[in-house]
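Engineer: Once you've had a glance at the structure underneath, I'll fire off some questions.
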Amino acid sequence: MSSARTLGSGNWRYTVKSGIGWPIGVAVILGSTVVANIAVMRIANDDPSFAVEPNYYAKAVAFDSTMAQERRNLALGWGVETALDSLVAGQPTRLTIRLKGADAAPLPGAAVSVVARFNARANDTLTTVLPETAPGAYTTTLPIHTPGEWEVRIDATRADSVTHEVSRFSVSTRVTAVRAGVR
């Protein structure tokens, strides 16, 4: 037996069947689940610590040429030394790259570019081209304000020779970080 309630006053009256509340409750629960999932997706996609390697598929397909480039780098015998000054509050940090040939002599006249990233926020990258400040020494300042583990990817081109180097080091407020990749 179904019962009904009459709502309203005057000329307008509405009849509401009892038992209609549970479908409304199910709809509210489903709707709140959709809203919660959208909120979680937005939070997950705004995470600056999550990063995907740019052009990862193209790099995977070109793996053989990457290994050939690595063999050419070893044959060149170039050495790369990366130095990053200590952090000072409110000031940019100086990055110096020194290139040396197989004979340990400085390599002047190279075009040097770097991509630096803080490992805990790998989606935020700093990219710059370094001017030569002394024979074989290339220096710039970067807005590095966070102590911790950093990665610097170096691309150096001189005449028809190219080298790629990756340096990882810890940056602190106390000590100058130096990473030598001399072969």
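Residue numbers (the working numbering): 17 to 199.
Glycine included, every Cβ here is placed at the ideal spot set by N, Cα and C.
These numbers come from a predicted model, not from an experiment.
Output the distance between the C-alpha atoms of Ala172 and Ser65, rounded to the nearest integer angstrom.
Structural biologist: If you take the alpha carbons of Ala172 and Ser65, they lie about 28 Å apart.
Engineer: List the endpoints of the continuous beta strand (DSSP E) containing Glu86.
Structural biologist: Premise fails: Glu86 lies in the alpha helix (DSSP H), Phe79 to Leu92, not in any beta strand (DSSP E).
Engineer: So what's Thr49 in DSSP terms, helix, strand or just coil?
Structural biologist: Helix at Thr49.
Engineer: At which residues does the beta strand (DSSP E) containing Glu69 begin and terminate?
Structural biologist: First-last for Glu69: undefined, no H or E at that position.
Engineer: Please determine, among Ala132, His161 and Ser177, the residue with the shortest C-alpha to C-alpha distance to Arg87.
Structural biologist: Nearest option by C-alpha distance: Ser177.
Engineer: Beta-carbon within less than 7 Å of Thr109's beta-carbon, same chain only, minus the 5 sequence neighbours each way: which residues are those?
Structural biologist: Around Thr109: Leu100, Asp101, Leu103, Thr157, Leu158 and Ile160.
Engineer: Hey, Arg169 and Val128: beta-carbon distance below 8 Å or not?
Structural biologist: It is not a contact, given that the beta carbons lie outside the stated cut-off.
Engineer: For the region 136-149 and the region 109-126, state whether three or more C-beta atom pairs, one from each stretch, are separated by less than 8 Å.
Structural biologist: Yes: at least three Cβ pairs fall under 8 Å.
Engineer: With distances taken Cα to Cα, identify the nearest neighbour of Ser188 among Phe79, Ala118, Ala121 and Ala105.
Structural biologist: Closest option to Ser188, Cα to Cα, is Ala105.
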